[in-house]
Every structure is written in C-alpha cells, then in structure tokens.
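Here the structure is laid out as structure tokens; the discussion comes afterwards.
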Amino acid sequence: MRFDYLNLLAYGHFTDQMLSFDPEKNFHLLFGPNEAGKSTTLRSITHFLYGFPQKTNDAFLHGNKKLRIEGLLRNTKGEALQFTRRKGKKNTALDPDGNPVPENTVAAFLNHMPESQFLNMFALDHVRLREGGESLLESGGNAGESFFTAASGINVLRRVLENFDKQAGALYKKTGSVPELNKLLKREKELSKKINEQQLKVQAWKAFEARYRELEKELGALTAKIKTLRSQKEQLQRVKWILPKIANRKNLLQKLEALGDVPDLPDNIAEVRAEAENKWNASRANLDKISRQLAGTEAEMKEISIPEHILEQAAAITGLYRQVQQYEDDEKMLPELEGKKQQLQAQLMSVMKEIDPGRAAVENIEHYRLPSAQKEMIRELCKQKPLLDQAYESLKREGEKLEKELAKKLEELAALPDLPDVEKLEAVLTKVNRAGDVEAAIHELAAECRQKQRQVEEAVRALPLWDGEAEELVKLPVPGLEETVKKFEKEAEQLTRKLDSVQSRISRLEEDIEASEESIRRLDSIAEIPSEEKLSAVRALRDAGWQLIRTKLETGHWHETAETYTKGESAASVYEKHVLEADQIADTMRLEAEKVGEKNKLLADIRKFRGKKEQLEKEKSGLEEALRAWKSAWQNLWAPAQIRPLTPGEMREWLQKHTQIKSLMQDYEKAQEKMRALHDSRADCCNALSAVLKTFAAVSEGQPLAELVSLAENELKRVRNLAAKKDSLETAIRDLKEKREEMQTEKAEIGKKREAWLANWSSAVAGTAILEEVPPAVAESLLARYETCMQLYDAYNQTEKEQQAVTEKMARFEEKVQHILETAQLPLSGENAAVAVSQMYQLLQNAQQDDAALKKLKRHSEDLENERKEETEALEAAEAVLTELFQQAGCSTIEELKQIETAFLLKKSFEKEIRQIEADMLDAGAGKSLQELLDEAARFDADSIDADLAETGRELDRLEASRSEVEQEYGAVKKEYEEQIRGANMTAIEAGQERESVHAQIASLTEQYIQLKLAAALLQKGIEFYRSQNQNPILNRAGDIFARLTLHSFDGLAVDYNEQDEPVLMGVRSGENVPLNGMSDGTTDQLYLSLRLASIEKYAAENEPLPFIVDDILVHFDDERSKETLKVLLELSSCTQIIFFTHHQRLVDMMQEIAPPEAVQYLAFHGQKVAVH
368 MRFDYLNLLA YGHFTDQMLS FDPEKNFHLL FGPNEAGKST TLRSITHFLY
418 GFPQKTNDAF LHGNKKLRIE GLLRNTKGEA LQFTRRKGKK NTALDPDGNP
468 VPENTVAAFL NHMPESQFLN MFALDHVRLR EGGESLLESG GNAGESFFTA
518 ASGINVLRRV LENFDKQAGA LYKKTGSVPE LNKLLKREKE LSKKINEQQL
568 KVQAWKAFEA RYRELEKELG ALTAKIKTLR SQKEQLQRVK WILPKIANRK
618 NLLQKLEALG DVPDLPDNIA EVRAEAENKW NASRANLDKI SRQLAGTEAE
668 MKEISIPEHI LEQAAAITGL YRQVQQYEDD EKMLPELEGK KQQLQAQLMS
718 VMKEIDPGRA AVENIEHYRL PSAQKEMIRE LCKQKPLLDQ AYESLKREGE
768 KLEKELAKKL EELAALPDLP DVEKLEAVLT KVNRAGDVEA AIHELAAECR
818 QKQRQVEEAV RALPLWDGEA EELVKLPVPG LEETVKKFEK EAEQLTRKLD
868 SVQSRISRLE EDIEASEESI RRLDSIAEIP SEEKLSAVRA LRDAGWQLIR
918 TKLETGHWHE TAETYTKGES AASVYEKHVL EADQIADTMR LEAEKVGEKN
968 KLLADIRKFR GKKEQLEKEK SGLEEALRAW KSAWQNLWAP AQIRPLTPGE
1018 MREWLQKHTQ IKSLMQDYEK AQEKMRALHD SRADCCNALS AVLKTFAAVS
1068 EGQPLAELVS LAENELKRVR NLAAKKDSLE TAIRDLKEKR EEMQTEKAEI
1118 GKKREAWLAN WSSAVAGTAI LEEVPPAVAE SLLARYETCM QLYDAYNQTE
1168 KEQQAVTEKM ARFEEKVQHI LETAQLPLSG ENAAVAVSQM YQLLQNAQQD
1218 DAALKKLKRH SEDLENERKE ETEALEAAEA VLTELFQQAG CSTIEELKQI
1268 ETAFLLKKSF EKEIRQIEAD MLDAGAGKSL QELLDEAARF DADSIDADLA
1318 ETGRELDRLE ASRSEVEQEY GAVKKEYEEQ IRGANMTAIE AGQERESVHA
1368 QIASLTEQYI QLKLAAALLQ KGIEFYRSQN QNPILNRAGD IFARLTLHSF
1418 DGLAVDYNEQ DEPVLMGVRS GENVPLNGMS DGTTDQLYLS LRLASIEKYA
1468 AENEPLPFIV DDILVHFDDE RSKETLKVLL ELSSCTQIIF FTHHQRLVDM
1518 MQEIAPPEAV QYLAFHGQKV AVH
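368 is the number of the first residue of the sequence shown in the working numbering; add one for each residue after it.
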C-alpha cells in the first residue's frame, strides 16, 4: 500500500495543504525549516489512517468539528481507496460523496494492522532509534530479543521481561520472607496452630453443663404452669366482661322482635325520600314561574314593529352618511376655488403686461411660451459671458507677471560660478562608506574582545581541577572523545550495579539466616528442642564414661583421663547422669519429633544460607577488585593532563566545559584578528580621503577619519547644492518659456470663443422680447418672468379643473340621496341633501335597535321553553323516585311512607347495636366464635366469678416468685456457660475467619504469580519462536546492511552462545565476534537500524507493503554514514514507499548527490505551502 496524495484540508495551522506523491517514485524527501509544519504532517498520517484521538492539539485554527484530512491509498493490486477523515466517534471516514466508509475497508489496506503496531514497525525517528540501540544493550545481545525488538519496534522488551520477574519476585520467593505470599503462608500456619490450641475441652465442663440443663428444665416447667394459670385467669376475666354484653344483646333482640314485619328499604331512605319530595315541590313552583315569564315576553314582542324597507337600504344609507362630511366640505370649497381662480387671472395679466404689454391677454398666452431648448440656450450663454471675460483678463495679468519672473531667473543663472569635478571625491567617499562605520566597529569589537576575554577567564576560573592560564588549558592532552568517558561511566555503573546487587543478596541471606535463627529460638522458647549434635555429644560423654568404668573393671585402675571426666565427683554418679541425660534427650526428640525435624531443617537452611553468603562475599571481593582496577584505569586516562579525575559523569561535564572554553578562545582570537583588519581598513580610508580632499580644501596630517569624512561630505554637498541650483534655474527658465507660449495660444482661443458667443446670443434672443444689447443678467430676469407667466397660467387652469370636479361630485351625491328617498318611500324630498341623509341614518338606527330588541326577546323565549322542558323532566324524575319508594314500602301516600320509614330506621338501629355488641364479644373472645362464647359464659356462675379470679391471682403470684428465684440462678449459670464457650470458641472462630481471609488472599496472589510467570514464559517462547523462524534470513540481510552503515568497520553479524548457552547477537570484525557492550552508542544505533530495515524488507516480501515513515533519524550520524544510510533507504524504496522528513539541508544535498532525479521526489515546506521539485 502507498499514499498517492495527502491533503490537509483543515488541520493544525494548515488549510488545503496538498502533498501529492509522485506515483513514478517511491522515495519522497520532505524538507523544511523548523516550525514549517513537518511534525503536524507526521501526525496527520496516523490520524488519517486510524482516526483522530479524543483530545488533539491540532484544533487551534480549525475547530474539532471542522478538522478534515483527505487522501488516496493504493495497493499493489491496483485497488484505490479515496476518503476524507473527520473528527468524531463513528463514521469518521467519508467517501467523495460524503457517505461513510467502513473502517474494515480502511483496515484491509493496512493489512488489519492496529495503530500501535504500525507506529512501532513503520514509524521511526531519532529518539526511537536511540531507544532501540539501548534496548539491544539492555538485553545483553540476546538474539531472540534483538530480532523481536527490531521487527516489532517495541524497544522496551527487556524492561517488560524484567518487570515480569520483579513483580513475580515481589509476590513470592522460595526462601524469602518479605514477599506478600511468603508472609501470608507464614501467617496461615500461625493461625492454624492458634485454632488447634484454643479448642474447648469437653471433660472440663460436663458437670457444669449438667447443672445448666437442670436449671433450664426447671425454669421451663414453672413457665408452663404460669402460662396455664394465666390462660384460666384471662378466661374468667373475659366471661366477667361478656356477661353484661349478653344481657344487653338479649334485650335488643326482644325489641327487634316487637317491631314486627318491617319492609326493607334503602339504607338512606330518609335522604332519598326528602330529596325527591323537595325536587318535586321545587319543579312545580319553577314551572308556574316560567309560564308567567313566557306570557310577558310574547306581549313585548307583539308591541315591536320593524320597517323592513329601511333595513334593506342599510348599506346604502350608511355609505352616504359617511360621505356627508365630504359633501359639506365640497360645498364650502366652491366659493374658495372661484376666488382663487380670479386672483390667479389677475396675477397672470400683470406678468404678461411686464413682458409685452401689446399682447397681454389670456387668449394670447402661447406667445409667451418659449421652447425649453431656447430657454436653456439663453441660460447657458448668460453663464458663459462672465467666464469668458474673466478668463481673458486673467490671461492678460498672468502674462505680464510671467515676463517679469523670466527676466529675474535669467539674471540669477548668469550670476552662478563654474562647478568643479567631484567624480573622484564621490568614488573615494563611496568606498569609505561601503566599509561602514569603521570607528564604531572598532569600538564595538574592542568591547566584544574584552567581553570574550572576561568570558574565557570566568569559564577557566569556574572549571574545577584547574588553576592555570586559558592558553595552557586548551593545549592539555585530555581525552578527545566523550564516548570514551561514557564507556568508563557505563563500566562504573555496571560494576556498581553488580556490587549493589551482590550486597543486596548478601543482606537478604543475612535476613534469612536471622529469620531461621529466630524460628529456632521460638521453638526453644516453647520447649527446649535438642539437636542431633547435642544428642551425639551427650552420648559421646556417656560412652567415654563407660569406657573409663570398663577399664577400671578390667584393669583395676582408672585411666589417666578419669580425673578430667569426673571433675572430683564419683565416676558412677557422673556416668549415671550422662546416661540419664542421653535418655532424656532421646525421649524428648522422640516426643517432639515434628519440632525436631523443623529445627533440623532450619539448621540446614542456616548452613545453606551461610554457604551462599560465602560465595557472594567472594564475588563481592572480585567486584571490588574490578572496581579498583577501573579506578586505576580511569586515573591513568587523565594522567597525561596531570588531572586527578572526578566521576565520569562529572568529568564528562568537565570535558564539555573544556570544549566550551576552547570555543570561547577561538572566538576571542577571531575577534582580535577582526580588530587588526579594521585598523588597517581605517588607515587606508584616511590616506585616500586626504589625497582627494587637497584639491578642495586644506587637510592637516593625521586628521581623524571621521573629520575627513565630514569634510568630504560637506564639500560634496556644497558642489551638489550649486549643481542642483543651476539645474533648478535652467529648468525654471525652460518651464517659464513653455508657459508663455501656452498662454499666448490660450489667449487666442479665448478671443475666438468670445466672437462665437456673440453670434449664438443673437440667434438665441431672436423672436423674444429680449434685445441683443441687453446684459446677460437682465436677460436672465426676463427669462424668469416668462417662466412665472407660464406657471401662473398652469395654476389658473388647475384651479378651474378642480372647481368643475367638485361641482360634479356634489351632483352625484345628491342624485344618490334622491334615489334612496324614492326607493325607501321616505317623505324628505324638499330638504338639503346632507340633512336628508342624517335623517335617514337616524331612522335606520332606530329600526336596527328595534330589530335587535326583537331578536333578544325571541332568544329569551326559547331559553324559557328550554327551562320549562328541563323542569318538567325533573318533576317526572322526582315522581318516579317517590313511586318506587311507595312500591317498596307498600303504601300510596307520603305520610304513610314517613311512618314506615321511622319503623325501618328503628329496626336498623337495633340491628346495628346488636352487631356492635357481637363484634366487641368476638374481639375479646380470643378467636372463639359467637356461639362458643355464649356457651362458655353459660357454664359459669356469675356470682362466683370474682372469687375464682382472686384465687387464680394468688396462685400466679406464688409461681412467679418461684420462677424469679430460678431465673436468677439460671441467668448466672447461663452467663458463665456462654462466656466459657465464647472465650474458647470465639478466639478459634476469629482465627478461622482470618485464616479464610488469608486463604482468599493466597489464592488471589497465587493466581497473579502464575499469570506473571506464564506471561514471561509465553513471551520468551514467542521471542524464541520468532528467532528460530526468522534468524537466518534477517541475520544475513541485516549483516550486509550493518557492514555498509558502519562503513565496513564491521564485516557483518553473527549469533554465538554465552555462558548460559543462550544465543546472543554479536558483530563480526576481522573474523572476531564483538559483543554489543563493546560497541559505541552510535554503532548500536546502526545495528538496530540494520535489523529494523531487514525486518521491513522481509515483511514487504511476504505481505502487502506499508509506507515507512522516517523522521530525521540521521541527526547522530556523520556525513559518510548518513550518505550510506540514504543509499540503503533508497534501495528499500524499491519494495515499499518511504516518506523521509528532515530539516537538514545537508541531507537534501547528499540525496541529490547520490540519487538520480527520477528516483526521488523532493517536497519543500515554505511556511504554509509545499513546493514540489
């Protein structure tokens, strides 16, 4: 897959930024200065392929919703995919028509490779390159890790594996005590022992439990008796309470029977009957009222008479009434218009007489109407006349003034002196000025020299380990390469790290020894546990005593060691004591066999730990010796400079400062050289100026350069001023002569225009009352009177038309009024039209009011009819309710119904009281039925109930006192019983609960431990599988590339085996294998790059190729290695697209030097745009 183009439509600071990749070329070099947008473009590639992250820093110009990146992808099959990526949560890839493109379609072009894998494998910058080289060193050159790291781009593989081991070690160690699992296992053992020790002993409390059970049984018997007596007491109390209720119930039943047969009526009979009766009465009264109102309404309707002929003309009458005011206004306007017409006629005649008295009549008005063209011609000529006269006089005055000024300029020109030649002076002065402000430069450079000298002196004083001069310092034979110091620093770190590791392991062994000894002391504190050694020692003493006694028995003499053995006591007693002690130790070991075994194991562990500690102490001594050797080599490195070095890190900083001082010294020497050059330049300038100025002015020997420059500039300025003045005068004279000729020509043209004006004037005033000799101002006044005359005539005509229109409008109004009077048959024909309309309108209003009143009465009549209908229905409904009640009660009148209603309500009251009494009896009956309660009460004699209650109460009091005594004794025994159970079992229970919690924690941590171990094992297996499958092809190709990138300082790569028989990667130089820790940082970077490029080649050969994005990976390479790397990348572009970003012009120059134009496309960033070369 490759990019055909990438267009940053709206992204970062770019808008419509197109990157078009030449389809004929597979290597695209993008060059631009810093801040030109290369980093933005790099991010846009992954954002286009995989989508925008949730938070982005590229939305500062274009908002999140407007971010857009467009591109076209093409695979080796010729299939193309064009889409635009927007920022969002779903459907972020859109085709050219704006439709969503499935992410699976995009993923297919990427071989379904996730973003993280793409960035690791196909994106490389100088930081990742350096991390890759460091990861190779961290792995110790492990072949599997090296190949896997380079192929996957994951540079922290060794750290991942170490992290797995570290996390697993923090959980469990076989012989450790600090890890969590070790602590939990130890705690589990302690809890199990505690549970066993705290179990309650049955034999110790059987008698106590028997007493507890006896009291419990006695208390139960007393409680049962009390319960029975209480039940009897409650029965007596219930019967005593129920007997009055039974008597009252019996009385109510007799009253109910005395009422006889009462029909069943509704429970609310009183309300229903009263409501129906009230409604019937109310409806009857309302019907009578409505009938009276209907009769009155009908009488009022008959009294109203409506004139329909007037109502039919309502619209016409209303329209005329609205025009009455206008009619009256027009009636008033007619005299006004007549007066205005007569006034305008008088004004018109007056103006006509002023213009031409002989023709002053209205019928001659057309003689006074001048054509518009003639009037405009007269006006235009009136305007031209004063302008022509003014222009003529102005030219005459300016001509006289110009002649005087020309004569003056000619005199000034004749008075100017001759000009000297300044060409040589100008040349010398230009040369001096080109040299700049030499004096200021000398002053600034002198200050700069002093500053640089101070910087050198301060830097030398601040440099530790040196108190000499700067000149001696820069000549010191110090180590020339910072890499050498880094190598020593790395060796020191490795030795220190190993020494710290060994010391840490020794400390852990000491902790393990202390823990084992503490365990032995804990076992001995419980009971002294003899060891096998002690038993053997005691038995040896016993056997020695027997040998002494046997010798005595056999020889009759004591052996010479007898005195030492007996120490003044009898041999028999000493021997007997040793025999007894040996037997006791053996018995103790037999009885405490488990603890003896544990102690023996702890002793064996102590011996093992001490053995390991001795080995580590030896390793520590070796490392300390290696560290001393390193220190010696380190000091020897600095011996030629007679410097006692500090740590490598400090000396690396020292070398950097030393290099800075050398750079400062070089700058200082360059500044001094510039100072000497400036002094020579100043002397040359002074000599040249002195020589050329002698022809213009007096010059003294040794005059400063600034004064000479000022003198030269003044002379040059003086001559130039004279030349400028002469040029100015000559130009002015020439301009004045040209102006004089122009004025003469213009004066002749003005004369011709005046003659033409006179001819036009005669033609314009012909046929008017304006004479030719009349001045233009007078002619304009007469022309205005002509216009006034026509305006008055037009106003006169307009007034006459208005008068006629008003007269006609009044006549039409009067005709309409007469027509309505005749149609409506109204006797108003002799009146004024406006008065007639007002009278008609009043009649219309009266007719409309009567019509509205009649309609209102009709509506009221209809409403009354509706009310009568509703009241009739209500009356019928009330009668129906009462009829129903009569039928239920079996009567026919209201009075009979009320009597039956009273009897019914009394019956309901008796029944309610009986039900209440029975309910109270049932509530107090302890669940018995009514009949059972009656039967129960019948069994008792009411007169003896009180005596029975008193006897039962006394017996209860006696039993309660007995139970109280038993309860007190039982409570004390029970409390002691429960305390003994809780004291033993609760401790065991709590320990058991804690043990369950510990078990759960052990299970969880064990699962984590297994996962970590399994993950590490699987990762190692995967790495080893990848190595076995890819080692040979990648190793051979990477070796070739590595030889080229190192300029054949290495011949290639090989796989060898370390002390643990693990395959490790090594460089080959002159037939010898070189481990990675013997290579410089730059060489390990080139090794990682070789492996990475070989892996990409293999991937491209077996899969759809993906673009390789490279960002300035050559910043740490020298020019020769950079050039060779570019050649290798150019070869790689034959199988996959390469997009190479850089801001170094030298890399562009190198590529143009080694690559033909048809092989590489150059894209240059220039601010906001990209130029294609």
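Idealized CB from N, CA, C, for every residue including glycine.
Item to check | Residue span of the beta strand (DSSP E) that contains Arg369, given as start and end | outcome: Secondary structure note for Arg369: its beta strand (DSSP E) is the uninterrupted segment Arg369 to Tyr378.
Next on the checklist: Between the region 763-776 and the region 1000-1009, can you find at least three pairs of beta-carbon atoms closer than 8 Å?
Outcome noted: no
Checklist entry - What number of angstroms, rounded off, separates the C-alpha of Ala727 from the C-alpha of Ala1201? => result 44 Å
Checklist entry - With C-beta atoms as the reference, is Leu376 less than 7 Å away from Arg435? => result Yes, the Cβ-Cβ distance between Leu376 and Arg435 is below 7 Å.
Item to check | Spatial distance of Met668 from Pro702 (CA atoms) | outcome: 53 Å
Item to check | Close beta carbons around Ile916, own chain, < 8 Å, minus the five adjacent residues each side | outcome: Ala938, Ala939 and Tyr942
Item to check | Beta-carbon proximity list for Ala571, same chain, < 6 Å, skipping 5 on both sides | outcome: Reliability of the predicted coordinates at Ala571 is poor, the pLDDT of 48 falling under 50, and the value obtained from them is presented with this limitation in mind. When the five nearest sequence neighbours on each side are left out, no beta carbon in the same chain lies closer than 6 Å to the beta carbon of Ala571.
Item to check | Limits of the unbroken alpha helix (DSSP H) element including Gly1118 | outcome: Element bounds for Gly1118: Leu1072 to Val1132.
Item to check | Helix, strand or coil at Ile1506 [DSSP, three-state] | outcome: strand
Item to check | Nearest candidate by alpha-carbon position, reference Ile722, set Gly465, Leu711 and Leu737 | outcome: Leu737
Item to check | Opposing strand residues paired with Thr451 [DSSP bridges] | outcome: Paired residues: Glu437 and Leu461.
Checklist entry - Under the rule that 16 or more other beta-carbon atoms within 10 Å means buried, what is Glu402, buried or exposed? => result exposed
Checklist entry - Do Ala1245 and Trp608 come within 7 Å of each other at the CB atom, strictly closer than that value? => result no
Checklist entry - Are Ile657 and Glu1243 close, meaning C-beta to C-beta below 7 Å? => result No, they are not a contact pair.
Next on the checklist: Run through the DSSP bridge pairs and tell me what Gly1434 is partnered with.
Outcome noted: Leu1420 and Val1441, per the DSSP bridge assignment.
Checklist entry - Going straight from the alpha carbon of Glu583 to that of Leu1326, what length do you get? => result 16 Å
Checklist entry - Looking only at DSSP bridge pairs, what is Phe387 linked to? => result A quick correction: the sequence has Ser, not Phe, at residue 387. Per DSSP, Tyr372.
Checklist entry - Between Ala1291 and the rest of its own chain, which residues show a CB-CB distance below 7 Å, the 5 nearest in sequence each way excluded? => result Arg605, Trp608 and Ile609
Next on the checklist: Within 8 Å, do at least three Cβ pairs link the region 1465-1479 to the region 368-386?
Outcome noted: yes
Next on the checklist: Please report the distance separating the alpha-carbon of Asp1516 from that of Cys1502.
Outcome noted: 24 Å
Next on the checklist: Just to confirm my understanding: we take Val823, look at its own chain, exclude 5 residues before and 5 after, and list those with CB closer than 7 Å. What are they?
Outcome noted: Ala837, Ile1028, Leu1031, Met1032 and Tyr1035
Checklist entry - Using the rule of at least 16 other Cβ atoms within 10 Å of the residue's Cβ for burial, across every protein chain shown, is Thr1509 buried or exposed? => result Buried, by the Cβ-count rule.
Next on the checklist: Could you tell me the alpha carbon to alpha carbon distance between Phe1484 and Pro390, rounded to whole angstroms?
Outcome noted: So the two alpha carbons sit approximately 30 Å from each other.
Item to check | Of the listed residues Lys798, Arg1019 and Ile880, nearest to Cys1052 (C-alpha basis) | outcome: Lys798
Next on the checklist: Give me, in chain order, the residues of the same chain whose beta-carbon lies closer than 7 Å to that of Ile1312; leave out the 5 immediate sequence neighbours on both sides.
Outcome noted: Leu603, Val606 and Lys607
Checklist entry - The alpha helix (DSSP H) spanning Ala713 covers which residue range? => result Ala681 to Ile722
Checklist entry - What number of angstroms, rounded off, separates the C-alpha of His429 from the C-alpha of Phe381? => result 9 Å
Next on the checklist: So if DSSP puts Pro846 in a beta bridge, which residue, or which two residues, is it bridged to?
Outcome noted: Looking at the DSSP assignment, Pro846 forms no beta bridge with any residue, so it has no partner.
Next on the checklist: For Arg995 and Ser868, I'd like the C-alpha separation in whole angstroms.
Outcome noted: 18 Å
Item to check | Where the beta strand (DSSP E) through Ile1476 begins and ends | outcome: Looking at the DSSP string, the run of the beta strand (DSSP E) that includes Ile1476 is Phe1475 to Asp1478.
Checklist entry - If you compare alpha carbons, which of Ser387, Leu1013, Leu486 and Thr1450 is closest to Leu440? => result Ser387
Next on the checklist: Give me, in chain order, the residues of the same chain whose beta-carbon lies closer than 7 Å to that of Val691; leave out the 5 immediate sequence neighbours on both sides.
Outcome noted: Here the set comprises Ala1201, Val1204 and Ser1205.
Next on the checklist: Contact defined as beta carbons within less than 8 Å: I believe Arg578 pairs with Val1340. What is the distance between those atoms, to the nearest angstrom?
Outcome noted: The beta-carbon separation of Arg578 and Val1340, rounded to 6 Å, stays under the 8 Å limit for a contact.
Checklist entry - Can you tell me whether Val1477 is buried or exposed, with buried defined as 16 or more other CB within 10 angstroms of its CB? => result The residue in question, Val1477, is buried, as its Cβ has 16 or more Cβ neighbours within 10 Å.
Next on the checklist: In the DSSP output, what is Ala588 paired with across the bridge?
Outcome noted: DSSP lists no partner for Ala588.
Checklist entry - Are Trp1128 and Leu748 closer than 7 Å when you measure CB to CB? => result Closer than 7 Å, so yes.
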